[in-house]
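**Q**
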Amino acid sequence: YTNGSWNPDSQEGLRVLQQLEQSRALYWETYQLRRSNAWELVQYLSLTLLLQSLEPSRKLVSTTQLMAHWLAAEIQALYDAETGDIDVRAWANSDLAELYLLAPIVDGIQAMHAGEDFAAKACSAARKLVVLAGASSFKVFSTRRQMMRYLDWFSPMAGGAFISLEASARQLLDELPEG
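Just so we're aligned: the sequence shown equals residues 5 to 183 in this note's numbering.
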């Protein structure tokens, strides 16, 4: 991704793809080792969706697995958002905000959650994060940076499904103060 254009066939593009795949694998390894919070699984899901968008003919995981991972991350984050200490609850709301941002592009999730407004749920989680952690906290800064990658990196790289997330990502950024 150079000067606003993405060329996956360039040397730089191939290097970026390799690094994204390596990051995805490491998030999965870390999740498998600890399974103590949803963050690693959310990052694995995000990169899986990105890489599958970049190479649609290559299925990294089945639709069923992707949906199961999303649901597992949601259950873990919902539990942590209600029962953990204040730091755990704050990070869980960050995870929920990102999960709900991704929900519309995870096959099967919208059908399973018919009628739910995922953008509203994402914004609600972001507001809870700000209340729990404080507007100028690292948690809010980090979550804001996570959401910006959908606009600054993922959408320009993958287009398609990620472009459909732009409005929701902008709404989330409106809920997360800059500092």
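For glycine and all other residues, C-beta sits at the position ideal for the given N, C-alpha and C. On a predicted model such as this, the values are computed, not experimentally measured, just so you know.
1. Taking the C-alpha atoms as reference points, what is the distance between L64 and F122?
2. In chain order, what residues of the same chain lie with their CB nearer than 8 Å to the CB of L180, ignoring the 5 residues before and after it?
3. Bridge partners of S140, per DSSP?
4. Can you tell me whether Y5 is helix, strand or coil according to DSSP?
5. Please state the DSSP three-state secondary structure of S61.
6. Sorted by chain position, which residues of the same chain lie with C-beta nearer than 8 Å to L49's C-beta, five sequence neighbours on each side aside?
7. In this structure, does DSSP put A118 in helix, strand or coil?
8. Roughly how many angstroms separate the alpha carbons of E44 and L30, rounded to a whole number?
9. Over the uninterrupted alpha helix (DSSP H) stretch that includes L18, give me the two end residues.
10. For D91, is the classification buried or exposed, using 16 other Cβ atoms within 10 angstroms of its Cβ as the cut-off for buried?
11. Nearest to L176 by CA position, among A124, Q15, G183 and Q22, is which residue?
12. Taking DSSP as the reference, what is the three-state secondary structure of D89?
13. Helix or strand or just coil, what does DSSP make of D84?
14. Since A165 is in the alpha helix (DSSP H), which residue starts that stretch and which ends it?
15. Considering D178, what are the terminal residues of the alpha helix (DSSP H) in which it resides?
16. Indicate the three-state DSSP secondary structure (helix, strand or coil) for A42 in the structure shown.
17. Assuming S27 and A162 make a contact with CB atoms under 8 Å, what is their CB distance in whole Å?
18. Do N97 and A85 have their C-beta atoms within less than 7 Å of each other?
19. Please look up how many angstroms separate the CB atoms of S172 and F166, rounded, as I've assumed it's under 8 Å.
**A** Taking the coordinates as given:
1. In the sequence shown, the residue the question calls residue 64 occupies position 60. In the sequence shown, the residue the question calls residue 122 occupies position 118. C-alpha separation (whole angstroms): 25 Å.
2. Here residue 180 corresponds to residue number 176 of the sequence shown, with the count starting at 1. Setting aside the 5 residues that flank it on each side, L180 is surrounded in the same chain by A130, L133, V134, V144, T147, R148 and M151, each with a C-beta closer than 8 Å to its C-beta; the list follows chain order.
3. Numbered from 1 along the sequence shown, position 136 holds the residue referred to as residue 140. Under DSSP, S140 shares a beta bridge with no residue.
4. One-based indexing of the sequence shown puts residue 5 at position 1. Low confidence applies here, because Y5 scores a pLDDT of 49, under 50, leaving its location unreliable; read the following figure in that light. In the three-state reduction of the DSSP assignment, Y5 falls in the coil class, being assigned neither a helical nor a strand state.
5. By 1-based counting over the sequence shown, the position of residue 61 is 57. The DSSP-derived three-state label of S61 is coil.
6. Working through the sequence shown from its first residue, we reach residue 49 at position 45. Only L70, H73, W74, A77, L103, L106 and V110 meet the Cβ criterion.
7. Along the sequence shown, one-based indexing puts residue 118 at 114. It is coil, neither helix nor strand.
8. Taking the first residue of the sequence shown as 1, we reach residue 44 at position 40. Taking the first residue of the sequence shown as 1, we reach residue 30 at position 26. So the two alpha carbons sit approximately 9 Å from each other.
9. In the sequence shown, counting from the first residue as 1, residue 18 sits at position 14. Following the DSSP letters along the chain, one finds L18 inside the alpha helix (DSSP H) bounded by residues Q15 to R38.
10. Your numbering for residue 91 matches position 87 in the sequence shown. By the neighbour-count rule (16 or more Cβ atoms within 10 Å), D91 is not buried but exposed.
11. For the purposes of this step, residue 176 is taken as residue 172 along the sequence shown, with counting starting at 1. The closest CA to that of L176, considering only A124, Q15, G183 and Q22, is found on A124.
12. Your numbering for residue 89 matches position 85 in the sequence shown. Note: D89 maps to coil in three-state DSSP.
13. By one-based count along the sequence shown, residue 84 stands at place 80. Correct three-state label for D84: helix.
14. Position 161 of the sequence shown, counted from the start, is the residue given in the question as residue 165. G164 to I167 is the span of the alpha helix (DSSP H), which, as asked, contains A165.
15. In the sequence shown, counting from the first residue as 1, residue 178 sits at position 174. In this chain, the alpha helix (DSSP H) harbouring D178 covers E170 to E179.
16. In the sequence shown, counting from the first residue as 1, residue 42 sits at position 38. Coil.
17. Within the sequence shown, numbered from 1, the residue matching residue 27 stands at position 23. Within the sequence shown, numbered from 1, the residue matching residue 162 stands at position 158. Not really, about 15 Å apart at Cβ, beyond 8 Å.
18. Here residue 97 corresponds to residue number 93 of the sequence shown, with the count starting at 1. Here residue 85 corresponds to residue number 81 of the sequence shown, with the count starting at 1. Yes, these two residues count as a Cβ contact at 7 Å.
19. Locating residue 172 in the sequence shown gives position 168, counting from the first residue. Locating residue 166 in the sequence shown gives position 162, counting from the first residue. About 11 Å separates the beta carbons of S172 and F166, which is beyond the 8 Å limit, so they are not a contact pair.
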